[in-house]
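Protein chains in written order, with the numbering used here: chain A, 464 to 694; chain B, -9 to 747.
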């Protein structure tokens, strides 16, 4: 479904340039649960950004099915993101002036989805719909953030350290919800994490270091979120 | 401290730049207006030291008085003046001058013999034999220098000095009715001996000046009523002394008050918003520092650097204003003969305009910061979660409809940032007020000229020295009988000098009196007098009221039949027939004409000629300054309004970057981001403008009314739909330009903002 071909991304750093992604090629299939692992500064977030169309690469190609998103103009890229991808961030990024329901609708509205009750039920946030973000715990806020992402019915869900700010209990809850959703829906999940244990949940594990993919492995069997060894 | 200050400036450079410009402009304008006012007051103060008269008068010399003095009129007049001085306890002096026309120049020549209303030498020294002292304004307008030769007819004089005369602060007209023009008219003083030469060849104009003795009860109203005074005019109501200049001073003060009020409000709001935003941005960090053990004082003392942020532009503004004050004085008060006493840097002004605001804002910022950091460290650290959402925004969350989601979010965002909302609202309001005020001031000047000259369907108003019998030369003219009357105020304690024009019926079209709605007023059909808008405003009169008028010391209760739209002058009009019925005036007696003929040159019977052109010029003289002021206010309004709008909209973008970047990440288009986050503020700015419309109308009405009451002209508030639309267009134009710039800026807000937040 997603194909990265010789992708290069550099950033200016003082007098020279730093390779955030250096000739990266990768494939993600439909309904894959892909985990990208790597130390800080290894380029995993950059990889997600260029894969999702949030950022542009300097060289290389990124295909969604047969469509090359590197050729898209800015407006087309926005439309692509609108129709295809969802995001979950480590810091939730809920809009502080909108209550939970309106935060979720920020996603749902994009695809005119008014039927997000199931997601709300699944994420167990029905009782908080009228609350403001500051009235929620971190775990609750992340669930709202996931609901917002899923309410737009993405084909690919990109999660950048979604459990990074959560303890094990809440982290596992969040992972379980993602896993549950993927079982019921045709969505690919690409998750960036530094938590090695989470890789056991994924059918594909990508290891990144210094802007290069150093290993792509596939798990024959995957663990449930509850079984994950938290690190 | 310097390092902290510099970093603070750097981080808030846009707002600091705004504060800099607005404080600079506010202080510069404030100092300019204030010092101009102070120069004028000092100048007038100096004139008062020249034994300035309390009033001008002329005794009513009767046939009996003349007979008592063996037929000598002037002896009779002086005897009468002496008697009146004893009755009302004042000293008096006879002032004479003659008018000489030579080579296109009109000279009002005075003998150097005064004890009252003494001249002040601005430059040079007192005249000696064959020397002359000229009025300062004429000398400046004609670039004359002392020591040069000035000729009157065959006589050559050396200019010894330039002077001002305290009883000629505003030498509007001479006794021929000729309007003063500093380029062609001159006040001049020669020795008594020299003046005597002209006494034999030229007509001499005489007026008496009086000063109350310290023991006097100053019964001015009784004096106005006393039939022994043919004329009595206090210096404050004398347009040649204080009336016109006081009107200008009042206008100056009101414009200063208005401008300073708006500008200082903007400055206060802007500083508060900047400090508030700064504290908000640093709140969490301050909480962390507090948790580490820093005291409130240590956390907040850097906010005292607002002393410099405000003080530096204030200091620069002070010097700019100080530097501008003298040319501005020339602009506003250039038509008045008042010595310029400019003085140097005034510590009082510097304290008021530099140190007081600098200290005020430094303390305000410090206190505000201390108030905000008074909370426990943990509350501050977690503040983002607590209480950050405005109650109104939380309420509006519940009102978001299923359809029109973005519209609902837009409304939430609008109300969630109360300070930004108020700032944008106020920016639209301030821009609207300033542009409209400038526009109204400009409109006022053109309206005045139009309204005053509208009744002039004639070119010349010719007054004769006495009632004429032969009118064959003036067949095409409109005849009138003009009498000096006094209007008794409602309180019954004050009297005002007015001219009563009893106008004949023939060629009535030459006096085109119209009511406020433009309907023609037919004098001959009315059973009362016609007053103008100024009188209506000044004396609180309207159509149907009755006024008490004194004519030859007889009181008459006269109905006000109509109010004409003219805004200038102290003329009461009445049909000749009605005048006969109301005042018993002779229906065949006429002493003046409104005419298009110009056949009076050299006519000895002519007392004065006022031409339409001259009237236009004198109105122009008094209103031109407002045109310049309106342009100045317009430019200031645009600059300040644009700055405040820019800063407020910058605040919108800055305060909503997170929303914008997140919306972009989710897949919202630029258009949707603009609609949700930015566009709502367009309406807020326009609402601010809409609020400014009634405010400006009310403000201008009150202001112009105040000025009108204290002057001899009604300043019309002429806000109309077209001017409002023009101002709206300007406001919307500025808003759109700024929004366009910020929309462009929005395009640069990237998803990184979220990633890096």
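Positions of the beta carbon are idealized from the N, C-alpha and C atoms, including for glycine.
What is the rounded straight-line gap between the Cα of residue 557 of chain B and the Cα of residue 609 of chain B?
11 angstroms
For residue 159 of chain B and residue 401 of chain B, I'd like the C-alpha separation in whole angstroms.
Their backbone Cα atoms lie some 60 angstroms apart in a straight line.
Tell me whether the beta-carbon of residue 548 of chain B lies closer than 8 angstroms to the beta-carbon of residue 536 of chain B.
yes
Can you name the residues that DSSP bridges to residue 645 of chain A?
Answer by DSSP bridge pairing: none, since residue 645 of chain A is not bridged.
By DSSP's criteria, residue 472 of chain A is part of a beta bridge. Which residues make up the other side?
A/484
Measure from the alpha carbon of residue 466 of chain A to the alpha carbon of each residue in A/559, A/536 and A/516, then state which is nearest.
A/516
Taking the Cβ atom as the reference point for each residue, do residue 572 of chain A and residue 390 of chain B lie within a distance shorter than 8 angstroms?
No; because the gap between Cβ atoms is not below 8 angstroms, this pair is not in contact.
What does the Cβ neighbour count give for residue 522 of chain A, buried or exposed, with the cut at 16 atoms within 10 Å?
exposed
Can you list the residues of chain B that residue 544 of chain A reaches, using a CB-CB cut of under 7 angstroms?
657
List the residues of chain A whose Cβ lies closer than 8 angstroms to the Cβ of residue 278 of chain B, in chain order.
Under the 8 angstroms cutoff, chain A gives no residues; its nearest Cβ is about 18 angstroms from residue 278 of chain B.
Any beta-carbon of chain B closer than 8 angstroms to the one on residue 534 of chain A?
no
How many Å lie between residue 680 of chain B and residue 19 of chain B at the Cα?
26 angstroms
Which whole-angstrom value describes the C-beta separation of residue 475 of chain B and residue 541 of chain B, a residue pair presumed to lie in contact below a C-beta threshold of 8 angstroms?
5 angstroms
Note down the Cα distance separating residue 633 of chain B from residue 11 of chain B, rounded to an integer number of angstroms.
Looking at the two C-alpha atoms, the distance is approximately 8 angstroms.
Within 10 angstroms of the Cβ of residue 395 of chain B, are there 16 or more other Cβ atoms? Answer buried if so, exposed if not.
By the 16-neighbour rule on beta-carbons within 10 angstroms, residue 395 of chain B is buried.
Residue 684 of chain A and residue 491 of chain A look like a contact to me (Cβ under 8 angstroms); what is the Cβ gap, rounded to whole Å?
Contact flag wrong, Cβ pair sits at about 19 angstroms.
Would you call residue 617 of chain A buried or exposed, if buried means 16 or more other Cβ atoms sit within 10 Å of its Cβ?
buried
Hey, quick one: how far does the alpha helix (DSSP H) through residue 521 of chain A stretch, first residue to last?
Here residue 521 of chain A belongs to no alpha helix (DSSP H), and DSSP marks it neither H nor E.
Would you tell me roughly how many angstroms separate the C-alpha atoms of residue 519 of chain A and residue 631 of chain B, rounded to the nearest one?
Going from the Cα of residue 519 of chain A to the Cα of residue 631 of chain B covers about 40 angstroms.
List the DSSP bridge partners of residue 458 of chain B.
B/580
Counting only Cβ-Cβ distances shorter than 8 angstroms, please list the residues of the segment 512 to 541 of chain A near chain B, keeping chain order.
512, 517, 518, 538 and 541
Going by the CB atoms, is the gap between residue 563 of chain B and residue 491 of chain B shorter than 8 angstroms?
yes
Ends of the alpha helix (DSSP H) at residue 548 of chain A?
Element bounds for residue 548 of chain A: not the alpha helix (DSSP H) but the beta strand (DSSP E), 548 to 552.
For residue 406 of chain B, would you say it is in contact with chain A, using Cβ-to-Cβ distances shorter than 8 angstroms as the test?
Yes - at least one Cβ of chain A is within 8 angstroms of the one on residue 406 of chain B.
For a contact meaning CB atoms closer than 8 angstroms, what does residue 486 of chain A contact in chain B?
Here the premise fails: no neighbours, minimum Cβ distance about 23 angstroms.
How about residue 118 of chain B and residue 150 of chain B: do their beta carbons lie closer than 8 angstroms?
yes
Residue 375 of chain B CB to nearest chain A CB: under 8 angstroms?
Reliability of the predicted coordinates at residue 375 of chain B is poor, the pLDDT of 40 falling under 50, and the value obtained from them is presented with this limitation in mind. True, the Cβ-Cβ gap to chain A drops below 8 angstroms.
Which residues in the same chain have their Cβ closer than 8 angstroms to the Cβ of residue 483 of chain A, if we skip the five residues on either side of it in sequence?
472, 473, 474, 506, 509 and 674.
Using a Cβ cut-off of 8 angstroms (strictly closer), state whether residue 578 of chain A contacts chain B.
no
Check for me: the beta strand (DSSP E) holding residue 88 of chain B runs from which residue to which?
80 to 92
Can you look up residue 605 of chain A in the DSSP assignment and give me helix, strand or coil?
helix
What does a CB cutoff of less than 6 angstroms around residue 634 of chain A pick up in its chain, not counting 5 residues either side in sequence?
626
Mapping DSSP to helix, strand and coil, what is residue 375 of chain B?
Because the pLDDT at residue 375 of chain B is just 40, under 50, the model does not fix this residue reliably, and the value given afterwards should be weighed accordingly. In the three-state reduction of the DSSP assignment, residue 375 of chain B falls in the coil class.
Going along the chain, which residues of the segment 655 to 677 of chain A sit with their C-beta nearer than 8 angstroms to a C-beta in chain B?
Those would be none; no residue qualifies.
CB-CB under 7 angstroms to residue 4 of chain B, same chain, minus the five flanking residues each way: which ones, in chain order?
637 and 640
How is residue 479 of chain A classed by DSSP in three states: helix, strand or coil?
strand
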